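Numbering of the sequence shown is given in my numbering, commencing with residue 1083 and proceeding in unit increments.
Below is one structure, written out as structure tokens, with a few remarks after it.
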Amino acid sequence: MSGTVPARIAFAVEAMDPQPGSDVLEIGCGGGVALALVCERLRRRGCVVGVDRSATQIDRARRRIRDGLDAGLAELRVGEFPGVDLPGSFDLVFAVNVPSFRSDDPAAPTAVASLLRPTGELWVFDEPPPGLAVGPVSMRISALLSRCGYAIVDIVEGGRTVGVRAAPADVTASSAATAAGATSPR
């Protein structure tokens, strides 16, 4: 990918480590910088979908990931999340500095849960305002996701960016029980 990649986006994509064959959704994709990096990592296997409420940003993203769009490996949607129509389900959903995950409103994390595959993960990345520590950011994101039925899997920091990796708690509990030798009630 040509051009400078902001450190927060490079960190986010590196932390998530999307694998070839994964179906990935970015909420608030902006001009598509992270989408382009994810497309490179998928190596033409899997699909990436970007959503942004700004048609101008989606146009920028369209130019940036033209090859993926032409190959049918990428899709872009203009719309507010939640609310925009999305195809299928995803292995990985992420958001970098998206206001929907900065409030106490459960709408966005709750909507993501319905889009995740059984082993899917949600990653939320954010940065504190200048002069403030990253700790409160990770606590705020973790609290919101926990209230929405997620188990916090990991918290990572890179510079001023914090990332919280979460999975639906019922899936996490089921996986832990299976790993411990418990049988499924089904």
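Cβ coordinates follow ideal geometry from the N, Cα and C atoms, glycine included.
As the structure is a computational prediction, the values presented were derived from the model and not from experiment.
Inset, instruction - Under 6 Å Cβ to Cβ from Arg1123, same chain only, skipping five residues before and after it: list those, please. - result: Same-chain partners within the cutoff: Pro1100.
Inset, instruction - Taking 8 Å as the cut-off, decide whether the C-beta atoms of Leu1174 and Gly1202 are in contact. - result: Result yes, Cβ atoms of Leu1174 and Gly1202 sit closer than 8 Å.
Legend entry - Proximal residues to Leu1107 (C-beta, below 6 Å), its chain only, five neighbours per side dropped: When the five nearest sequence neighbours on each side are left out, the beta carbons in the same chain lying within less than 6 Å of the beta carbon of Leu1107 are those of Val1131, Phe1172, Val1175, in order along the chain.
Inset, instruction - Just tell me which of Ser1185, Met1221, Gly1170, Arg1184 has its CA closest to the CA of Asp1105. - result: From the listed residues Ser1185, Met1221, Gly1170, Arg1184, the smallest Cα separation to Asp1105 is found for Gly1170.
Inset, instruction - Answer yes or no: do Phe1163 and Leu1226 have a C-beta to C-beta separation smaller than 8 Å? - result: No; because the gap between Cβ atoms is not below 8 Å, this pair is not in contact.
Inset, instruction - Use the C-beta contact count for Met1221: other C-beta atoms within 10 angstroms, 16 or more gives buried, fewer gives exposed. - result: So Met1221 ends up on the exposed side.
Inset, instruction - Going by DSSP, name the residue or residues bridged to Thr1243. - result: Its beta-bridge partners are Gly1240.
Inset, instruction - Measure the beta-carbon distance from Glu1239 to Val1206 and round it to whole angstroms, keeping in mind my assumption that it falls under 8 Å. - result: About 13 Å; that fails the 8 Å criterion.
Inset, instruction - Compare the C-alpha of Arg1125 against each of Gly1150, Val1194, Val1219, Cys1111 and name the closest. - result: Looking at the Cα atoms, Gly1150 is the closest of the given residues.
Inset, instruction - Give me whichever residues DSSP pairs with Gly1132 in a beta bridge. - result: Answer is Glu1108, Leu1158.
Inset, instruction - Give the single residue among Ala1251, Gly1112, Thr1192, Pro1210 whose Cα lies nearest to the Cα of Gly1245. - result: Residue nearest to Gly1245 within the set Ala1251, Gly1112, Thr1192, Pro1210 is Pro1210 (criterion: CA-CA distance).
Legend entry - Per-residue DSSP class, three states only, for Leu1168: Coil, per DSSP.
Legend entry - Continuous alpha helix (DSSP H) assignments of at least 4 residues falling wholly in the segment 1170-1200: Secondary structure remark: continuous alpha helix (DSSP H) runs of at least 4 residues inside the segment 1170-1200, in chain order: 1189-1197.
Legend entry - Helix, strand or coil at Ala1255 according to DSSP, with G and I counted as helix: At Ala1255 the pLDDT is 45, less than 50, meaning the model places this residue with poor confidence; the figure from the coordinates comes in the next sentence. Residue state, collapsed to three classes: helix.
Inset, instruction - Please go through the same chain and pick out, in chain order, the residues whose beta-carbon is closer than 6 Å to the beta-carbon of Arg1159, but skip the five residues on each side of it. - result: Around Arg1159: Val1133, Val1166.
Legend entry - Sequence-distant residues of the same chain with beta carbon closer than 7 Å to Ala1251, five excluded per side: Around Ala1251: Gly1231, Tyr1232, Ala1233.
Legend entry - Sequence-distant residues of the same chain with beta carbon closer than 8 Å to Asp1187, five excluded per side: Excluding the 5 residues flanking it on each side, Asp1187 has no same chain C-beta neighbour closer than 8 Å.
Legend entry - Among Val1219, Leu1197, Ala1116, Gly1085, nearest to Ser1185 - alpha-carbon criterion: Ranking the options by Cα distance to Ser1185, first place goes to Val1219.
Legend entry - Member of Pro1102, Gly1154, Gly1113, Ala1249 whose CA lies at the smallest distance from the CA of Pro1088: The alpha carbon of Pro1088 has as its nearest neighbour, out of Pro1102, Gly1154, Gly1113, Ala1249, the alpha carbon of Gly1113.
Inset, instruction - Tell me whether Ala1195 counts as near the ligand ATP, meaning its Cβ is closer than 7 Å to at least one heavy atom of that ligand. - result: You won't find the ligand ATP in this model; it holds no ligand whatsoever.
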